[in-house]
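S.K.:
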Amino acid sequence: SAHQWQAPSATDSRGPCPGLNTLANHGFLPRNGSNITIPVVLNAINDGFNFQPINLLRIGAKLGLLTTDAEDSFSLNDLALHGTLEHDASLSRNDYALGDNVHFNETVFTTLANSNPGVDYYNITSAAQVMEQRLTEDKIVNPTLINTVKELSVRIVESGFYLSVMGNVTTGVAPKNFVQIFFREERLPLEEGWERPEVPIDQDSFDTLLSEITNVTTWAPSGEVICPWIRLQP
Ligand code: HEM
Ligand code: MG
Numbered sequence: 002s003a004h005q006w007q008a009p010s011a012t013d014s015r016g017p018c019p020g021l022n023t024l025a026n027h028g029f030l031p032r033n034g035s036n037i038t039i040p041v042v043l044n045a046i047n048d049g050f051n052f053q054p055i056n057l058l059r060i061g062a063k064l065g066l067l068t069t070d071a072e073d074s075f076s077l078n079d080l081a082l083h084g085t086l087e088h089d090a091s092l093s094r095n096d097y098a099l100g101d102n103v104h105f106n107e108t109v110f111t112t113l114a115n116s117n118p119g120v121d122y123y124n125i126t127s128a129a130q131v132m133e134q135r136l137t138e139d140k141i142v143n144p145t146l147i148n149t150v151k152e153l154s155v156r157i158v159e160s161g162f163y164l165s166v167m168g169n170v171t172t173g174v175a176p177k178n179f180v181q182i183f184f185r186e187e188r189l190p191l192e193e194g195w196e197r198p199e200v201p202i203d204q205d206s207f208d209t210l211l212s213e214i215t216n217v218t219t220w221a222p223s224g225e226v227i228c229p230w231i232r233l234q235p
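All residue numbers for the sequence shown refer to my numbering, where the first residue is 2 and numbers rise by one.
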């Protein structure tokens with residue numbers, strides 16, 4: 002059917018965002034991953050994930066436009082531009098300075114995969130611990146690590162994304178199996194029992210989840226870049 006999962010072809014554009022890659026693999030976004038406008042991406046997120054076009058997504062989409070010289074669209078690979086949205090200490094990709102900040106990396110993902118031992122779900126506490134651990138790991142291996150409040154904010158949002166879209170925005174609980182398939186295969190785990198959230202993820206519920214993650218996150222800026230900055234163009 003129209004939204005069957007299909008692996009990308011060699012010429013399809015994919016990038017550092019497992020969420021948008023998944024939407025392209027299911028045909029909610031153009032399968033070629035190119036010519037993505039703001040309405041196209043906001044509609045795809047709503048259709049695929051029942052995630053309303055809240056301000057935060059609108060801003061994310063607008064920042065996406067800064068990653069390319071095109072005037073009103075981006076490709077999924079454009080989003081890899083280091084310093085606009087793409088940042089260090091990701092959950093499933095390596096740092097830009099360490100080589101490949103685009104493709105899924107099982108070694109990097111081990112930290113999240115193995116978190117919350119003894120139970121079959123991830124939650125707010127485990128998500129915050131994973132963020133902390135990824136940073137600790139990166140401080141050892143990446144002398145150019147950028148870790149300002151901007152990167153922290155984006156990383157909190159991304160933890161909120163997998164907990165809400167693969168799990169439940171209100172409880173912040175997401176089955177491990179769903180989250181792992183989402184990251185590793187960039188596929189909606191429909192056969193495994195995942196369903197598009199019945200209740201829309203909206204501004205209120207997502208903001209609440211983000212503050213709960215923030216509350217249990219311990220964090221301090223580090224490295225030579227102290228002021229938050231946003232890269233404005235390629
Ligand atoms: C990461 C872009 C919406 C899930 C990223 C990254 C970019 C990006 C550039 C790479 C950051 C990094 O890790 O260095 C966007 C844009 C969006 C969008 C432009 C729409 C406006 C979504 C949605 C989801 C999602 C709706 C829902 C599942 C994620 C996750 C990560 C991520 C979980 C973290 C990946 C990691 O740390 O390895 N996104 N994204 N994104 N995105 Fe998206
Ligand atoms: Mg990154």
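For every residue, glycine included, the Cβ atom is placed at its ideal position computed from N, Cα and C.
Kindly indicate which three-state DSSP category ASN216 falls into: helix, strand or coil?
M.R.: What you label residue 216 is simply residue 215 of the sequence shown in a count that begins at 1. Helix.
S.K.: What alpha helix (DSSP H) runs, 4 residues minimum, are completely inside the region 152-213?
M.R.: Counting whole runs of 4 or more residues, the region 152-213 contains the alpha helix (DSSP H) stretches 177-186.
S.K.: When you compare the region 69-78 with the region 53-60, are there three or more beta-carbon pairs, one atom per stretch, that lie closer than 8 Å?
M.R.: Contact between the region 69-78 and the region 53-60 is absent, because fewer than three Cβ pairs lie under 8 Å.
S.K.: Going by DSSP, name the residue or residues bridged to PHE52.
M.R.: Counting from 1 along the sequence shown, the entry for residue 52 is found at position 51. Per DSSP, ILE202.
S.K.: If you reduce the DSSP assignment to three classes, tell me which class GLU87 lands in.
M.R.: Stepping through the sequence shown from its first residue, residue 87 is reached at position 86. In this structure, GLU87 counts as strand in the three-state DSSP scheme.
S.K.: Please tell me whether GLY61 and LEU86 are closer than 8 Å, where the distance is taken between their beta carbons.
M.R.: Start at 1 with the first residue of the sequence shown, and residue 61 comes out as number 60. Start at 1 with the first residue of the sequence shown, and residue 86 comes out as number 85. For GLY61 and LEU86, yes; Cβs fall inside 8 Å.
S.K.: Could you give the distance in angstroms between the alpha-carbon of PRO19 and the alpha-carbon of VAL158?
M.R.: Here residue 19 refers to the residue found at position 18 when the sequence shown is read from its first residue. Here residue 158 refers to the residue found at position 157 when the sequence shown is read from its first residue. Roughly 13 Å between the two C-alpha positions.
S.K.: Is the beta carbon of PHE105 closer than 8 Å to that of ARG188?
M.R.: Counting from one through the sequence shown, the residue named residue 188 turns up at place 187. Counting from one through the sequence shown, the residue named residue 105 turns up at place 104. Against a cut-off of 8 Å, the Cβ pair of PHE105 and ARG188 comes out as no contact.
S.K.: Under the DSSP definition of a beta bridge, which residues are partnered with PHE75?
M.R.: For the purposes of this step, residue 75 is taken as residue 74 along the sequence shown, with counting starting at 1. Partner(s): ILE37.
S.K.: As a quick exercise: from LEU210, SER154 and HIS4, pick the residue whose alpha carbon is nearest that of GLY161.
M.R.: Translated into positions along the sequence shown, residue 161 becomes position 160. Considering only alpha carbons, the answer is LEU210.
S.K.: Have a look at LEU80, GLY84 and VAL109 and flag the residue whose alpha-carbon is nearest the alpha-carbon of ARG94.
M.R.: Translated into positions along the sequence shown, residue 94 becomes position 93. Ranking the options by Cα distance to ARG94, first place goes to VAL109.
S.K.: For ASN148, which three-state DSSP category applies?
M.R.: Within the sequence shown, the letter at position 147 stands for residue 148. Here ASN148 sits in strand by DSSP.
S.K.: So if DSSP puts TYR123 in a beta bridge, which residue, or which two residues, is it bridged to?
M.R.: Counted from its first residue, the sequence shown places residue 123 at position 122. ALA175.
S.K.: Residues in its own chain within less than 6 Å of PRO229 by CB, not counting five upstream and five downstream?
M.R.: Reading the sequence shown from its first residue, position 228 is the one you call residue 229. Within the same chain, PRO229 has close Cβ partners THR149, VAL150 and LYS151.
S.K.: Please find out if some non-hydrogen atom of the ligand MG comes closer than 7 Å to the beta-carbon of ASP89.
M.R.: Taking the first residue of the sequence shown as position 1, residue 89 is located at position 88. The answer is yes for ASP89.
S.K.: How big is the Cα-Cα spacing for ALA129 and ILE214?
M.R.: By one-based count along the sequence shown, residue 129 stands at place 128. By one-based count along the sequence shown, residue 214 stands at place 213. If I take the Cα positions, the gap works out to 6 Å.
S.K.: So does PRO17 have its beta carbon nearer than 7 Å to some heavy atom of the ligand MG?
M.R.: Locating residue 17 in the sequence shown gives position 16, where the first residue counts as 1. True, at least one ligand heavy atom lies under 7 Å from that Cβ.
S.K.: Out of ASP121, SER10, SER2 and ALA90, point me to the one whose CA is closest to PRO144's CA.
M.R.: Translated into the one-based positions of the sequence shown, residue 144 becomes position 143. PRO144 has its Cα closest to that of ALA90, out of ASP121, SER10, SER2 and ALA90.
S.K.: Report the rounded CA-to-CA distance for ASN124 versus ASN117, giving the unit in angstroms.
M.R.: As a first step, residue 124 must be located in the sequence shown, where it is residue number 123. As a first step, residue 117 must be located in the sequence shown, where it is residue number 116. In a straight line, the C-alpha of ASN124 is about 8 Å away from that of ASN117.
S.K.: Output yes or no for whether 8 Å exceeds the beta carbon distance between ILE141 and GLY224.
M.R.: Within the sequence shown, the letter at position 140 stands for residue 141. Within the sequence shown, the letter at position 223 stands for residue 224. Cβ atoms of ILE141 and GLY224: not closer than 8 Å.
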